[in-house]
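If you're matching positions, the sequence shown starts at 31 in our numbering and goes up one per residue. All C-beta atoms in this analysis are idealised placements derived from N, C-alpha and C, irrespective of residue type, glycine included.
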Amino acid sequence: MRISLLYVIQKFNYSKINKFVGLAENLKVDEIEFDNLIPLNKEVLLSLNQIKKVTKDLKKVANSCQIANNANEVIMRYREFYNNNSLSREFSNILRTRFLGKKCDVVENSVFITSQGIIQPCCLLSTTTGNIKKNRFMRIWNSKRYKDLRFNLNQGKFYPDCYKYCSYNLQDI
């Protein structure tokens, strides 16, 4: 059995990464996973100075922490998401610019099924494609609705929820 701790970096805890790592070391966990908060609204976005602090702290973790971690991966995510000082732009432009010339292949490789059996192509999309309690999975997966959704995302045609919530690594078209 492996014990992992997850730390979702956000405006309210970005300055406590080092304390978290200390706790993980004291608990002797096997792994630390960091994740950046999905930017649901402008209020939760970190400022450029806050991102610089997070990046500095994560570099320290990557270089000196003996516990397995994904600090370097998260640093790269921040660099990609907030490149070119895009924080100075309007919030909606920050998100939309990130999607230009990109496609999403998350829905090609995964599916989200709620405890009620509702199938969503992605946990971030409010769009549903069926219910596993009412239909067989392969019937839902091969339905016109699901195929169209996968096709659109693979062509770079994103949905409103994508622009609002997505922080996945997108692929070039």
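Please confirm if the region 84-93 is in contact with the region 128-135, defined as three or more CB-CB distances below 8 Å between the two stretches.
no
Residue closest to ALA101, alpha-carbon to alpha-carbon, out of PHE64, TYR176 and LEU35:
PHE64
If you check the beta carbons only, do SER34 and GLU55 fall under 7 Å apart?
no
Assign LYS49 to buried or exposed, taking buried as 16 or more other Cβ atoms, counted over all protein chains shown, within 10 Å of its Cβ.
exposed
Leaving out five residues before and five after PHE129 in sequence, what residues of the same chain have Cβ atoms less than 6 Å from its Cβ?
PHE188
Is the beta carbon of ASN165 closer than 7 Å to that of GLY147?
no
Tell me which same chain residues have a C-beta within less than 7 Å of the C-beta of ASN66, skipping the five on either side of it?
ILE39, VAL104, ARG107, TYR108 and SER197
Could you give the residue range of the alpha helix (DSSP H) that holds VAL137?
136-139
Comparing C-alpha positions only, which one of GLY52, THR85 and LEU75 sits nearest to GLN96?
GLY52
What are the boundary residues of the beta strand (DSSP E) that ASN66 is part of?
61-66
Within a Cβ cutoff of 8 Å, which residues of the same chain sit near TYR208, ignoring the five residues on either side of it in sequence?
Given a span of 31 to 203 for the chain in the structure shown, any question on residue 208 remains unanswerable.
Pick out whichever of ARG32, GLN80, LYS83 and THR85 has its Cα sitting closest to the Cα of VAL59.
ARG32
Report the three-state DSSP secondary structure of ASN115 (helix, strand or coil).
Because ASN115 carries a pLDDT of 44, less than 50, the predicted location of this residue cannot be relied on, and the following value inherits that uncertainty. Helix at ASN115.
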